[in-house]
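Participant: Numbering (this note's numbering), first residue to last: 3 to 373. This is the structure, below, for whatever I ask next.
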Amino acid sequence: MAAVISGPIPSPGRASKRMKGVLPSKQGAWIFDATKDQYLAMWCFATLKNHALEISRPHAITSNPRFAGQTVTQLASTLALQIARFVLAEALTEGTPLTERMLAKRFDVSRSPIRVALRELEQAGLLRVSARGGYQLADPQAAADLSDETASDNAEDIYLAIARDRLAGEIPDRISENELLRRYPVTRPRLLALLRQMSEEGWVERLPGNGWRFLPVLTSMQTYRQSYSFRQAIEPAALLEPGFQLNTAELERHLCQQRGLVSGAIHTISSVQLFVQNSAMHQAIIDCSGNTFFIDSLRRVDRLRRLIEYRQIVDRAQARLRCAEHVRILELVLDGRNAEAAGEMRMHLAALGPIKAYTAGASLDHPHAHR
């Protein structure tokens, strides 16, 4: 499981004194991998040195690979969504008991995150405490609201409004559900579904009670530009890893998706879905490297830059050109021409960084332009 430590990165000397087994890095940026209680360190996030660090530790809250890398809080929010979908799939009726033991076994997790998830679902109105203790189904209809984030016509508008307001500093680090309900025209079940989506994406987490905390993201243009410089260092290198292994089915799926965007879908896709598809494509390529540090690093950069990306006014013509470059890179990778693909990736990111920085800067200068 990935544990997060927020704050500035300590100097190599101070870190070495505090953390037994840590190898100092002259760049002062750290990621750790725990194997048999020994920690290995490597250069990473040098350009993002004031953001949170991730430390991989052995964990026992789940053996299910679907939930790997999530904190207990993030896992609970993910499980709440999965439980709502389970209620729908099984067509459960009001009064049906839902026990921690049964759900923990079904989702292959410990009972602790299940317990937190059940409390969330009680607050959402899906469950109630039964007379004999434990939980039972209170409102099956709430499961439909919770399990389908896109059912409401204005769901994405609300999602983007929260992202914009957070980036503009109009939402504090900690906020209650009631305050969010006062700010935005959304029902509580729909709001909770959106918050769970944000939690799965890694930019918000639940607090005890009905509060939520927004996690650090990139908010300045300097760090946003640095994120692209960092990607130019790791993504081409990942393509040249000796252990690179094709996931042909996954890359072909992304190739089909990118060809569809080039063929015209780019003009109708939402900005959120465009970011999701494009970032997933880059992640799918780097996943093939088998290098844990590259893989986790890109995932973290995507989380940090997500809100600035959402704020951008999408230039559809430019976006189509970028997708055409994606097609070229994917074709080269699938053809086994990784050295050429690495060169194309480097040029792609070098060209993309200034374009994105310019449009993101315009969005930051006009924070309400999208409304």
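Ideal placement from N, C-alpha and C gives every residue a C-beta, glycine not left out. Because the structure is a prediction, the values reported are computed rather than measured.
1. Does the region 121-132 come close enough to the region 187-194 that 3 or more CB-CB pairs lie under 8 Å?
2. For valine 89, which of Ser79, Leu197, Lys107 and Ala146 has the nearest alpha-carbon?
3. Look at serine 281 and valine 316 and say whether their C-beta atoms are less than 8 Å apart.
4. For isoleucine 271, which three-state DSSP category applies?
5. Measure the alpha-carbon distance for alanine 267 versus arginine 233 and round it to whole angstroms.
6. Could you tell me the distance, in whole angstroms, from the CA atom of alanine 144 to the CA atom of tyrosine 137?
7. Ignore the nearest five residues each way along the sequence and tell me which others in alanine 163's own chain have a CB closer than 7 Å to its CB.
8. Considering only the alpha carbon of each residue, which of Leu253, Arg308, Gly135 and Gln320 lies closest to histidine 269?
9. Sorted by chain position, which residues of the same chain lie with C-beta nearer than 6 Å to aspartate 304's C-beta, five sequence neighbours on each side aside?
10. If leucine 306 sits next to isoleucine 288, beta carbons under 8 Å apart, how far is it from one beta carbon to the other, in whole angstroms?
11. Can you have a look at proline 99 and say buried or exposed, based on whether 16 or more other CB atoms are within 10 angstroms of its CB?
12. Contact defined as beta carbons within less than 8 Å: I believe isoleucine 236 pairs with phenylalanine 277. What is the distance between those atoms, to the nearest angstrom?
13. Look up threonine 152 in the DSSP assignment and say whether it is helix, strand or coil.
14. Given leucine 263, which residues of its chain have a CB within under 6 Å of its CB, disregarding the five upstream and five downstream residues?
15. Spatial neighbours of arginine 330 within its chain, please: CB distance less than 7 Å, with the 5 preceding and 5 following residues excluded, ordered by chain position.
Facilitator: In short, the structure shows the following:
1. yes
2. Ala146
3. no
4. coil
5. 26 Å
6. 15 Å
7. Sequence-distant partners of alanine 163 (beyond 5 residues in either direction) whose C-beta falls short of 7 Å from its own C-beta, in its chain, are Tyr186.
8. Gln320
9. Ser281
10. Actually they do not touch by this definition, with Cβ atoms about 16 Å apart.
11. exposed
12. Incorrect: roughly 19 Å between the Cβ atoms, too far for contact.
13. Any reading at threonine 152 needs caution, since the residue's pLDDT is 42, under 50, leaving its predicted position unreliable; the model's value is listed next. Three-state result, threonine 152: coil.
14. Cβ neighbours of leucine 263 beyond the five flanking positions: Cys325.
15. Residues Glu346 of the same chain have their beta carbon placed closer than 7 Å to that of arginine 330, with the five preceding and five following residues left out of the count.
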